[in-house]
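Asks: Take a look at the following structure, please.
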Amino acid sequence: MAATGPRFIGFSAAYRDKTIALWNRVFRAMPNFVPLDRDTWRARVEEFAVPGGESAVAGSGPARFDARLFRLALLEDEVVGFAHGGTWEDEFLARLLPQGEPARLGTLLLIAVDPRVRRRGIGRALLHDLETVLKETQSVEPPLCADGRGYNPFYGNFVAPLPPPWGTAEGIAVLGTSADARGFFQACGFREEVEAVTRQRDLGDRPSFSGELPAGAVIEEIADYQPILGSDDGSPFPVPNESRTWLVRVGDVQLGAVVGFPLRRDGSRWGIHSFEVDPSRRGEGLGRMLLSYVISALAARGVETLEALALPIEGAEADRLYEKLGFEKTDRWIVIA
Ligand SMILES: CC(C)(COP(=O)(O)OP(=O)(O)OC[C@H]1O[C@@H](n2cnc3c(N)ncnc32)[C@H](O)[C@@H]1OP(=O)(O)O)[C@@H](O)C(=O)NCCC(=O)NCCS
């Protein structure tokens, strides 16, 4: 490759195909990878805007694609890396951060460098370039936070089928085995925040649901619904998606929920996350019942494999229940903050 270093520019359509090609090269080996094509890229990145405007995604900052903040690293007109950034702000963030930290942060949503030119400082230079542009255009100071602390409206897993380059719904996560990315983030001052585990269950045994719900309880399936346990409220997810939510309800009150979404365009593989039972009703078997119901409902629809994401640090019980119901551990992920 060139003797001179890379130059950095904001995304432009002239480099769309090369950007997509690099994406596919970099993330091809990741679990649940779906090749990115032009249409998906356009819909999910370049032309992406949350319906309702910039602030529709709570806690995300601008959800509209800003080409200036999708940085490309070019070597002799070849795209050899990219980094996508944004800002994150809201009152939720203010509560989360230690006193004194600004309630508006620059965020790193994604970074990748061509395997052929790694360990030459391009990743670090891309990050620096993104910090500079975020400072100039958004008035946020470095350091950036990775979106393990924020919310990434782009690429998010729960709106699959997409080409998710990471395994969690929590933003930037890297495989526990990925020495490159872990070494890079560590060297650049990011924290490894939490571990996540993915498990999977083959549905070929076509399990059927035989549990008995407590008196008055029903299981309900709703499209595109973010539950609020203990209440009768909820809302759609902030971006268009194909998710289904299963609720255990007594009357109007939501006692338990799990969110599922297709991980393949043909629907053969689904993922579930955000599995939770209201703290006041734990230990009564509701979780097991809900999960068994979802397993059988998806099996009946021809889903072949179900993947579950668990954050053991937040819910060891959920992880254990997945295990009891036949989910085997597949990958360990580190969420970067
Ligand atoms: C993470 C990634 C962007 C790093 O790009 P890069 O251009 O190779 O990184 P740099 O050369 O700038 O490395 C900067 C520092 O990170 C650390 N680092 C990078 N790769 C490392 C590795 N394999 N092992 C240990 N440390 C590493 C080093 O300290 C390095 O500095 P040094 O070379 O002076 O020792 C690249 O590995 C990549 O694209 N990975 C796949 C995509 C990905 O997982 N992205 C994260 C999720 S979005």
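Position 300 (the sequence shown) corresponds to 299 in numbering that gives the first Met the number 0; numbering is contiguous.
Note that CB positions come from ideal geometry on N, CA and C, so glycine has one too.
All values derive from a computational prediction rather than experimental measurement.
Go through its chain and collect everything with a Cβ distance to V258's Cβ below 7 Å, but skip five positions before and after it.
Replies: Along the sequence shown, read from residue 1 onward, the residue named residue 258 stands at position 259. For V258, where only same-chain residues beyond five positions count, the Cβ hits under 7 Å are F157, S242, T244, I271, H272, S273.
Asks: Measuring straight from C-alpha to C-alpha, what distance separates L289 and A256?
Replies: On the sequence shown, residue 289 is found 290 positions in, with the first residue counted as 1. On the sequence shown, residue 256 is found 257 positions in, with the first residue counted as 1. The straight-line gap from Cα to Cα measures roughly 8 Å.
Asks: Give a yes or no on whether the C-beta atoms belonging to S11 and A66 are separated by under 9 Å.
Replies: Counted from its first residue, the sequence shown places residue 11 at position 12. Counted from its first residue, the sequence shown places residue 66 at position 67. Their beta carbons are under 9 Å apart, which means S11 touches A66 by this criterion.
Asks: Identify every run of the beta strand (DSSP E) within the segment 184-260, keeping only runs that are complete inside it and at least 3 residues long; order them along the chain.
Replies: 191-201, 216-222, 243-249
Asks: I'd like the span of the beta strand (DSSP E) that includes F326, first residue to last.
Replies: Within the sequence shown, numbered from 1, the residue matching residue 326 stands at position 327. Run containing F326: none; DSSP gives neither H nor E here.
Asks: Grab me the residues of G210's own chain with a C-beta within less than 8 Å of its C-beta, minus the 5 sequence neighbours each way, in chain order.
Replies: Counted from its first residue, the sequence shown places residue 210 at position 211. So the qualifying residues of the chain are G284, R287, M288, S291, Y292.
Asks: Counting Cβ pairs, one atom from each stretch, are 3 or more of them under 8 Å apart for the segment 296-308 and the segment 201-219?
Replies: yes
Asks: Could you tell me whether the Cβ atoms of A82 and L107 are closer together than 9 Å?
Replies: On the sequence shown, residue 82 is found 83 positions in, with the first residue counted as 1. On the sequence shown, residue 107 is found 108 positions in, with the first residue counted as 1. Yes, the Cβ-Cβ distance between A82 and L107 is below 9 Å.
Asks: Could you check if V276 is buried or exposed, using at least 16 other CB atoms within 10 Å of its CB as the buried criterion?
Replies: Stepping through the sequence shown from its first residue, residue 276 is reached at position 277. Classified as buried, V276 has 16 or more neighbouring CB atoms from the shown chains inside 10 Å of its CB.
Asks: Would you mind giving the Cβ-Cβ distance between D179 and R117, rounded to the nearest angstrom? I have them listed as a contact below 8 Å.
Replies: Looking up residue 179 in the sequence shown gives position 180. Looking up residue 117 in the sequence shown gives position 118. Confirmed, Cβ separation roughly 7 Å.
Asks: What is the rounded straight-line gap between the Cα of M29 and the Cα of F189?
Replies: Along the sequence shown, read from residue 1 onward, the residue named residue 29 stands at position 30. Along the sequence shown, read from residue 1 onward, the residue named residue 189 stands at position 190. Distance between the alpha carbons of M29 and F189 is about 21 Å.
Asks: Only counting the same chain, and skipping five residues up and downstream in sequence, which positions put a Cβ closer than 6 Å to that of S295?
Replies: Looking up residue 295 in the sequence shown gives position 296. Taken in chain order, the residues that qualify are P206, S207, F208.
Asks: Check for me: the beta strand (DSSP E) holding R37 runs from which residue to which?
Replies: Translated into positions along the sequence shown, residue 37 becomes position 38. For R37, no beta strand (DSSP E) run applies; the uninterrupted alpha helix (DSSP H) run containing it begins and ends at 37-40, by DSSP.
Asks: Does ligand 1 have a heavy atom nearer than 8 Å to the CB of P141?
Replies: In the sequence shown, the residue the question calls residue 141 occupies position 142. No, ligand 1 has no heavy atom inside 8 Å of this Cβ.
Asks: Starting from A298, trace the alpha helix (DSSP H) in both directions and tell me its first and last residue.
Replies: By 1-based counting over the sequence shown, the position of residue 298 is 299. Run containing A298: 285-299, per the alpha helix (DSSP H) assignment.
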